[in-house]
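Enquirer: This is the structure I have questions about; it appears just below.
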């Protein structure tokens, strides 16, 4: 950054907010001044020249990979369903590793085939984290607000604590917290070193009445922080996380059907505006923090 | 059950589907290290180094360019076959073989807890030795044939006229393996070895030998150690260098072992003082990668 630019190094975009091929998304982010990107497995496997070519494109872009998403409906299955999900997890971990990405996101299961028994959920999450250890990957476990058993972050935190693996922590998504109206005070119990990723998004409704509406809003109509009606809450959340000691990455998890129909640079610049607002106005990071040099691979 | 390893709790035998029986301290029934495997494209150069360290070549693999070296209880396999992997001149520790009660059960136990299986490629009439992935490109084998009828009897042919059980130089035995790890990775690897195999971390003030850095894990059978070493603080870009770095050989008398190995042609890094010299020694080898450390230790 130069002295005339804001400090947005802690913030990154997610490829899901942009239309088009991976390469164009990466250049748009880069051009807007971002230094990191959150990737989906689909970004790699959908590449016309294969996933290894996609990995190379990401490396060539110079963007650091914030995290790799998303392993769904993993925990609580048994028999052949469990074995199948283990294969999926291993495949995703291999791609994550090839990207030199240190965080993989897993979100809580929505599957009606999954058990709700706690020891089973704990055992499966331990197994997932164990699979990730040799690859130096951290698993960020996120409570999806329509998850079957785990649907609020305090529950995800409890299970992460119980599983007690050094590389298993919390993936925190503001959308789900606001959607379920989980009290901000609950953040107090979190260990900031075990928050492996924070995803931020705003949305346009004050209230979400049904689970169906929650799902459709989450998947089609999220907006960048500062663009919706929850800006004050987002600012408080980010300040609170900072006070707790969280110094990791913030990624904009913005699924929006309209953004998929807009020029990439337009969307990337909206994201930049959000990053500047959070970096400059909310966290007041006008200069790089002292000792903020990152060791390679640290999440 | 009056079996000495009644703590083995695997599969259906554990009765876990009927009642909650916790795992014993040695869930895999680990008994020690059966062999250490090096991979190199220059097997003779490594062989020469091993011979100066007191090892003798005793057998050849039936179908691949693999040699078995031995001294006392310690087996070292030098693999120049590669199995499709690219071999480097610099020898690397490619595998640790754990001696266990029941290899199939140990393998299953590890996979159930999140280990990565290694696909096997065996030739006819060769043993299928189950393996999981370890640090870097290394593997961890599970071997349950030892003693009178060993894996070597099946897969190896003895070199004629050579004593199959050469004595160890001044009681040399395997003390442990040093593993280099990335920044902030001690907890991850401690969890890996404790959850999968039952290793326990020793208190930070316990150390052996002359290179005490890092965290020491004791094997569940209390016969050997793993030492996890992170990079010096502030070093960048070392993340990908995780590997099994060297083996430690225990001996009841370090100065005597140093003197005996010097006779064979080994050079040692000079000791600071007599106390230091009694605790351990570091052998300088002519080829990179194959480093040996001597540690004052009585065989377990």
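Residue numbers (our numbering), protein chains in the order written: chain H, 1031 to 1329; chain L, 9 to 308. C-beta atoms are modelled at their ideal positions from N, C-alpha and C, and glycine is treated no differently. Remember, predicted model here, so these are calculated numbers, not experimental data.
#1: Buried or exposed for residue 157 of chain L, going by 16 or more other Cβ atoms inside 10 Å?
#2: Please say whether residue 1281 of chain H and residue 1130 of chain H have beta carbons closer to each other than 7 Å?
#3: If we cut at 7 Å on Cβ distances, does residue 196 of chain L have a partner in chain H?
#4: Sort L:109, L:182, L:149, L:120 by Cα distance to residue 127 of chain L and report the nearest one.
#5: Measuring CA to CA, which of L:212, L:166, L:200, L:301 is closest to residue 124 of chain L?
#6: Looking at the unbroken beta strand (DSSP E) that takes in residue 1281 of chain H, where does it start and where does it end?
#7: In or out: residue 1313 of chain H buried (at least 16 other Cβ within 10 Å) or exposed?
#8: Going along chain H in order, which residues have a C-beta closer than 8 Å to the C-beta of residue 92 of chain L?
#9: Please identify, using Cβ separations under 9 Å, the residues of the region 196-228 of chain L that lie next to chain H, in order along the chain.
#10: At the level of alpha carbons, what is the spacing between residue 279 of chain L and residue 48 of chain L?
#11: So, does the CB of residue 1163 of chain H fall closer than 7 Å to a CB anywhere in chain L?
#12: Rounded to the nearest angstrom, what separates residue 1105 of chain H and residue 1093 of chain H at their Cα positions?
#13: For residue 1157 of chain H, would you say it is in contact with chain L, using Cβ-to-Cβ distances shorter than 7 Å as the test?
#14: Would you grab the beta carbon distance between residue 164 of chain L and residue 68 of chain L for me? Rounded to a whole angstrom, and I think it's under 8 Å.
#15: Does residue 121 of chain L get closer than 7 Å to chain H when you measure Cβ to Cβ?
#16: Tell me which same chain residues have a C-beta within less than 7 Å of the C-beta of residue 1247 of chain H, skipping the five on either side of it?
#17: Any beta carbon of chain A sitting closer than 7 Å to that of residue 141 of chain L?
#18: Within 10 angstroms of the Cβ of residue 129 of chain L, are there 16 or more other Cβ atoms? Answer buried if so, exposed if not.
#19: Residues of chain L with CB closer than 9 Å to the CB of residue 1222 of chain H, please, in chain order.
#20: Does the CB of residue 1122 of chain H have a neighbour CB from chain L at under 7 Å?
#21: Can you pull the chain L residues whose beta carbon is under 9 Å from the beta carbon of residue 1160 of chain H, in chain order?
#22: For residue 1250 of chain H, which option in H:1046, H:1165, H:1108 has the closest C-alpha, if you only look at C-alpha atoms?
#23: Is residue 147 of chain L closer than 7 Å to residue 1160 of chain H when the C-beta atoms are compared?
#24: Is it true that the region 1107-1121 of chain H meets the region 1185-1203 of chain H, where meeting means three or more beta-carbon pairs spaced less than 8 Å apart?
#25: Taking residue 302 of chain L and residue 288 of chain L to be in contact with their CB atoms under 8 Å, please state how far apart those CB atoms are, rounded to whole angstroms.
#26: Which residue's Cα is closest to the Cα of residue 1042 of chain H: H:1220, H:1230, H:1136?
#27: Please report how far the alpha carbon of residue 285 of chain L lies from the alpha carbon of residue 218 of chain L, in whole angstroms.
Expert: Looking at the coordinates:
#1: exposed
#2: no
#3: yes
#4: L:149
#5: L:200
#6: 1280-1282
#7: Of the residues assessed, residue 1313 of chain H falls on the buried side of the cut-off, its CB having 16 or more other CB atoms within 10 angstroms.
#8: Ordered by position in chain H, no residue passes the 8 Å Cβ test against residue 92 of chain L, which lies about 17 Å from the chain.
#9: Residues 196, 197, 198, 199, 200, 203, 204.
#10: 30 Å
#11: yes
#12: 31 Å
#13: yes
#14: Confirmed, about 6 Å.
#15: yes
#16: 1233, 1235, 1238
#17: Here the protein chains are H and L, and chain A is not one of them.
#18: exposed
#19: Correct list: empty, because the minimum Cβ distance to chain L is about 15 Å.
#20: no
#21: Per Cβ cutoff of 9 Å: 121, 122, 123, 199, 200, 203, 204.
#22: H:1046
#23: no
#24: no
#25: 5 Å
#26: Closest by alpha carbon: H:1230.
#27: 8 Å
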